[in-house]
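Protein chains: 2
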Amino acid sequence: MKEMDIRSLSSSQHRTQNLSNIHKAVQAIFPIFKWGQSYSLTKFRGDLIAGLTIASLCIPQDIGYAKLANLDPQYGLYSSFVPPLIYAFMGSSRDIAIGPVAVVSLLLGTLLQNEIDPTTNAVEYRRLAFTATFFAGITQATLGCLRLGFLIDFLSHAAIVGFMGGAAITIALQQLKGFLGIKNFTKKSDIVSVMKSVWGSVHHGWNWQTIAIGATFLAFLLFAKYIGKKNKKLFWVPAIAPLISVVVSTFFVFITHAERHGVQIVRHIEKGINPPSVNEIYFTGEYALKGFRIGVVAAMIALTEAIAIGRTFASMKDYQLDGNKEMVALGTMNIVGSMTSCYVATGSFSRSAVNYMAGCQTAVSNIVMSCVVFLTLEFITPLFKYTPNAILASIIISAVIGLIDFEAAILIWKIDKFDFVACMGAFFGVIFVSVEIGLLIAVSISFAKILLQVTRPRTAILGRIPSTTVYRNIQQYPEATKVPGVLIVRVDSAIYFSNSNYVKERILRWLTDEEEQLKAAYQPKIQFLIADMSPVTDIDTSGIHALEELHRSLQKRDVQLVLANPGQVVIDKLHASNFTNVIGEDKIFLTVAEAIGTCSPKPTEEV
Amino acid sequence: MKEMDIRSLSSSQHRTQNLSNIHKAVQAIFPIFKWGQSYSLTKFRGDLIAGLTIASLCIPQDIGYAKLANLDPQYGLYSSFVPPLIYAFMGSSRDIAIGPVAVVSLLLGTLLQNEIDPTTNAVEYRRLAFTATFFAGITQATLGCLRLGFLIDFLSHAAIVGFMGGAAITIALQQLKGFLGIKNFTKKSDIVSVMKSVWGSVHHGWNWQTIAIGATFLAFLLFAKYIGKKNKKLFWVPAIAPLISVVVSTFFVFITHAERHGVQIVRHIEKGINPPSVNEIYFTGEYALKGFRIGVVAAMIALTEAIAIGRTFASMKDYQLDGNKEMVALGTMNIVGSMTSCYVATGSFSRSAVNYMAGCQTAVSNIVMSCVVFLTLEFITPLFKYTPNAILASIIISAVIGLIDFEAAILIWKIDKFDFVACMGAFFGVIFVSVEIGLLIAVSISFAKILLQVTRPRTAILGRIPSTTVYRNIQQYPEATKVPGVLIVRVDSAIYFSNSNYVKERILRWLTDEEEQLKAAYQPKIQFLIADMSPVTDIDTSGIHALEELHRSLQKRDVQLVLANPGQVVIDKLHASNFTNVIGEDKIFLTVAEAIGTCSPKPTEEV
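Respectively, the protein sequence lines represent chains A and B.
Just so it is clear: in the first sequence, position 245 is 245 by UniProt numbering, and no numbers are missing.
Just so it is clear: in the second sequence, position 182 is 182 by UniProt numbering, and no numbers are missing.
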């Protein structure tokens, strides 16, 4: 009886244990079940207001961004309905606002139209867009699952600033078509082609009514932005200004029938929510491959933007964000999106900032926004018929202006000239050639910087700070003095195969230079070379080979190699490789000062 | 009159100046005109002996290596005639022996036969080989001119050891065809396919006469090698053993007419020196592109081998080697080679070692070797008719055995387990799949290591060494004690975009862990976080952003960020970005000890 009790007890414990494990696993994949437990009405108030605000901002933006991707307007709205819902369940950022964004839309549009012409072949174009979205989602989810999230850190901040600025200007230039009412517009995105299009149509292609509407509302939008910037409490003014512009201008066109005077209007937005699109995705064949390639590029840019936003707001509210989990969430939402007629969605800079300022508490604000978009799709889309394209152009222009970050560029100039070159390279690459080339330049320069960092570590000559036993870089501390007969070199990096040869040659060059100077000054020659290994955190076989070669070269020159303060890891490896015996255990010291104490130069013959 | 004197004087000075500049430029491109001035008969004696020794070694090797590249035997000899001559004029290594080498021959053969079948389409195959050689030369020369020589450092030593070992075994296995006299042999190079071929033909495909000849001479060659290893003075025994084997076995076959009993012989080597082949190179079209791709890969492997040899011997004799100049020399020699019926030549490990031990003084030993090859081509090639293929197989097997470096592999295992994985990955990739896959694995693993190094710098928690003001890693120095209320973290790397986010998150995680421990032990909470910046040699805009975010997160947790000993470069950038004002100038100290002195924790409320 007792035994049975125990068994039933342990089995019930076991069950509880199992349940709690399942519970934890579910919470790990769907954080909403974790933070949902402590969700309250106060929080919902914040989320409701924030959700309504970003919804009013996203609806006009979505319609415009869909055009950047060469898709019909409803696809922008679709992408603001399903993906935010999925993200709300799986994502861990509390402030990000999900939906289509300008740069990804432009990038996707450019890459897709290189493959298929969107005007003559709209259906295939759309299918390729869904295919790219699908593979973008797969890429993001895979990176997250394999914990390869750090890969997106390889795009340097400077390159992103330049790329974003360039993309913003390119997008703004593209809007000149709608803004000026030009009918025959270039398909290229570089500034030269666009300007040719604009000036070529100045005499007969511009439509003054369109320009009047566009300019008026652009002025209104910029003014609203200015007010929002001046007074942070009025953040809602620029947030609802686009929707107001749409409503007012639509009503105005409807009354005046300005479309009969050449003002281009939206004309038609499909009513109803997202139709399924699984059967439209190319899973095999040539287009699957192309979709995959485009998807990977779009995925990386979308991730870069989303993770940057997530991190920024997480650090402002001090909560942790697991980059890899975020990627899984973003990936899943794009996979599901691709099957429900959405194109690549990610976190939007401008809308996330508005979300934050409107006091969002959790991802519920995304659910609220999603619901509003749902109602819009179901009931309001027909009303957009008379919305003039010029208004959408104005809204996009005023939105992307925020992506041009002059201050960041100036800061980069001040801090690091090489970074500034990267920034400008990406910027001019985008505006003078194309988004892809700009991106390629950004990635290449970022990589070149990493290569330089890895292959060219710093080395420094140390000298003694007078009346101390502290040895410092003589370039940084001019009062530091060299010790006669001794050259002290510090290597500021782990010694790996990628830099071992450089380190060896750099040290030998320091020695050669020093010996020439001493010879010229008739001073005693160098007898000891002390390598301060404090910053050398690790060494590999190539590094040890380099040390051996250094030792051999120094022997030929009658200079003794001495090591100071190698870390435990390095010491162990030097022992394992027998190098300690090669140079002698007594040639390794804890500090430079100890090494100097022992290395009293022998009296030398005249040089 | 006086004026004219001056003018004529200055003009003549000018001319002298010009001449001396031209002189220097010529010497820079052709080092032979520099070291040639001090060339002496004593040096020539050394070079002559060394040249004759390596010639005797290279002739049989060349014939065998040409087969590895699926080319007729004379092309191996051609490649030992022109390239060494060019190198002697332009190269700066004194010990390297130039010519075809086993690994590059195998690689080239594998890559080329993926494109064109060498048996059915010999002419096009050869043309593609010259095209690849041409582009290999162009690649090498370009890398040198653009001073991009450091790129070859991206193949880690461990990966090379594994790749070379795998290639050696693959080459040896390929020789089983000649060694066992098998007629139908697989074209694949992986061990499984080769073994199937070998066992599949055991009953009717093996030729006992061939095996007898091959085994006898292989035993002789290995014994000669053993003698050379035991007694360094007898280095010439293994060096001339191959030629002796060829002569003896050829004579033996000629006498016995063993070729009538199924012993395969060379049959025919074209007589005469290199015919021109400029018109055979594909400069345009699809094959030009393929040749380019193959050429780039072959160029990199050839460079890796040549530069490694050059550096090793340069450090043994302590002279400087300019890697970029070497590449220009190697590139030029391959470009010229491709136009004179040569395939990719580079420095040979085994022959360079023999060259060194035979007492070579300068690159003149290459000229001597080249002359011997010239005489061979002109007069002796018909005599090779009866040379059995089994002898060539034995010579190649005994040559490539030296590429398998067990000791290096063991050392790598001892020093770095990750390096060992790279080594084994490349090794098994080559023997179980193919040379290309092995190479790909080697490159990928090398790159992965660089990425890890760049993105995951070490950080350490510091503690005070009792009764000193020295702060050290508490994991390395267990006696170091933490200071109550203060957490001291050291970042062991420059902070760049590639690692800035990791560094920030790592520091916050250290803090969270520490706070949990303290909470559990009811100890006062952390009030100051001191970041020891001594090893932080540089920082970029992303790094500063990370510091700003760290500062902001710490503020939320009521922890004050303090910086200790940032270098001058870092200080300047912190000033430029206004970060010093953000955290306060008084929060930056010269040493950790000073920072500790000022950061006396305030009395805190109970936790």
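Quick reminder that beta carbons are idealized off the backbone N, C-alpha and C, glycines included.
Nothing here was measured: the structure is a model prediction, and the numbers come from that model.
- Does residue 577 (chain A) come within less than 8 Å of chain B when only Cβ atoms are used? yes
- Query: Does the segment 123-130 of chain B come within contact of the segment 507-525 of chain A, defined as at least 3 CB pairs closer than 8 Å?
  - Reply: no
- Message: Considering only DSSP beta bridges, list what residue 539 (chain B) is partnered with.
- Response: B:495
- Query: Between residue 425 (chain B) and residue 162 (chain B), is the Cβ-Cβ spacing less than 8 Å?
  - Reply: yes
- By a C-beta neighbour count over all protein chains shown, 10 Å radius and 16 as the cutoff for buried, is residue 255 (chain B) buried or exposed? exposed
- Message: I'd like to know if residue 604 (chain B) contacts chain A, where contact means its C-beta is closer than 8 Å to some C-beta of that chain.
- Response: At residue 604 (chain B) the pLDDT is 47, less than 50, meaning the model places this residue with poor confidence; the figure from the coordinates comes in the next sentence. No, no contact with chain A.
- As assigned by DSSP and simplified to three states, the class of residue 121 (chain B): coil
- Using a C-beta to C-beta distance shorter than 7 Å, which residues of chain B count as neighbours of residue 567 (chain A)? 476
- Residue burial classification, residue 545 (chain B) (beta-carbon count within 10 angstroms, cutoff 16): Residue 545 (chain B) counts as buried, since no fewer than 16 other beta carbons sit within 10 angstroms of its beta carbon.
- C-beta neighbour in chain A for residue 450 (chain B), strict 8 Å: yes
- chain B contacts from the segment 293-307 of chain A (Cβ-Cβ distance under 7 Å): none
- Item | Distance, residue 69 (chain B) Cα to residue 120 (chain B) Cα | 15 Å
- Query: Expressed to the nearest angstrom, what Euclidean distance is found between the alpha-carbon atoms of residue 570 (chain B) and residue 414 (chain A)?
  - Reply: 12 Å
- Can you give me the Cβ contacts of residue 224 (chain A) inside the same chain, cut-off strictly under 6 Å, excluding the 5 residues immediately before and after it? 237, 238 and 241
- Task: Identify every residue that forms a DSSP beta bridge with residue 589 (chain B).
- Result: B:564
- Residue ranges of each alpha helix (DSSP H) within the segment 153-225 of chain A, 4 or longer: Listed in chain order, they are 157-174, 176-180 and 191-200.
- Selection of the segment 451-466 of chain A by Cβ proximity to chain B, strictly under 7 Å: If the cut-off is 7 Å between Cβ atoms, the segment 451-466 of chain A has 453, 454, 455 and 458 near chain B.
- For the putative contact between residue 94 (chain A) and residue 317 (chain A), defined by C-beta atoms under 8 Å, what is the C-beta separation to the nearest angstrom? 7 Å
- Local conformation of residue 606 (chain A) per DSSP, three classes: Reliability of the predicted coordinates at residue 606 (chain A) is poor, the pLDDT of 42 falling under 50, and the value obtained from them is presented with this limitation in mind. Three-state result, residue 606 (chain A): coil.
- Pairwise C-alpha distance: residue 346 (chain B) and residue 478 (chain A): 48 Å
- Message: For residue 554 (chain B) and residue 438 (chain A), I'd like the C-alpha separation in whole angstroms.
- Response: 37 Å
- Message: With a threshold of 8 Å between beta-carbons, can residue 607 (chain A) be considered close to chain B, or not?
- Response: Interpretation of residue 607 (chain A) is limited by its pLDDT of 38, a score under 50 that renders its predicted location unreliable; no figure is taken from the coordinates.
- Item | Segment contact, 8 Å Cβ cut-off, at least three pairs: the segment 153-161 of chain A with the segment 347-367 of chain A | The segment 153-161 of chain A and the segment 347-367 of chain A do not touch, with fewer than 3 CB-CB distances between them shorter than 8 Å.
- Hey, how far is the Cα of residue 450 (chain A) from the Cα of residue 251 (chain A)? 55 Å
- Message: Going by DSSP in three states, residue 62 (chain B) sits in which element: helix, strand or coil?
- Response: helix
- Message: I'd like to know whether the C-beta of residue 158 (chain B) is nearer than 8 Å to at least one C-beta of chain A.
- Response: yes
- Inter-residue Cα distance where the pair is residue 74 (chain B) and residue 475 (chain A): Taking the straight line joining both Cα atoms gives about 59 Å.
- Message: Counting only Cβ pairs nearer than 7 Å, list the residues of chain B close to residue 541 (chain A).
- Response: Within 7 Å Cβ-Cβ: 157, 158, 411, 412, 415, 416 and 419.
- Task: Grab me the residues of residue 218 (chain A)'s own chain with a C-beta within less than 7 Å of its C-beta, minus the 5 sequence neighbours each way, in chain order.
- Result: Excluding residues up to 5 positions away in sequence, 394, 397 and 398 lie with their Cβ nearer than 7 Å to the Cβ of residue 218 (chain A) in the same chain.
- For residue 347 (chain B), the three-state DSSP class (helix, strand or coil): strand
- Query: When you compare only the Cα positions, how much space is there between residue 189 (chain B) and residue 84 (chain B)?
  - Reply: 30 Å
- Query: Can you tell which of A:445, A:504 and A:588 has the C-alpha that lies nearest to the C-alpha of residue 418 (chain A)?
  - Reply: A:445
- Message: At the level of alpha carbons, what is the spacing between residue 18 (chain A) and residue 29 (chain A)?
- Response: 17 Å
- Task: Please check if any C-beta of chain A sits within less than 8 Å of the C-beta of residue 316 (chain B).
- Result: yes
- Message: Can you list, in chain order, the residues of its chain with a C-beta nearer than 8 Å to that of residue 607 (chain B)? Leave out the 5 residues immediately preceding and following it.
- Response: Unreliable placement is indicated for residue 607 (chain B), whose pLDDT of 38 sits below 50; the coordinate value is still reported in the next sentence. Taken in chain order, the residues that qualify are 518, 519, 522, 523, 524 and 525.
- Which whole-angstrom value is the C-beta distance of residue 574 (chain B) and residue 531 (chain B), which I expect to be below 8 Å? Not a contact, Cβ separation roughly 12 Å.
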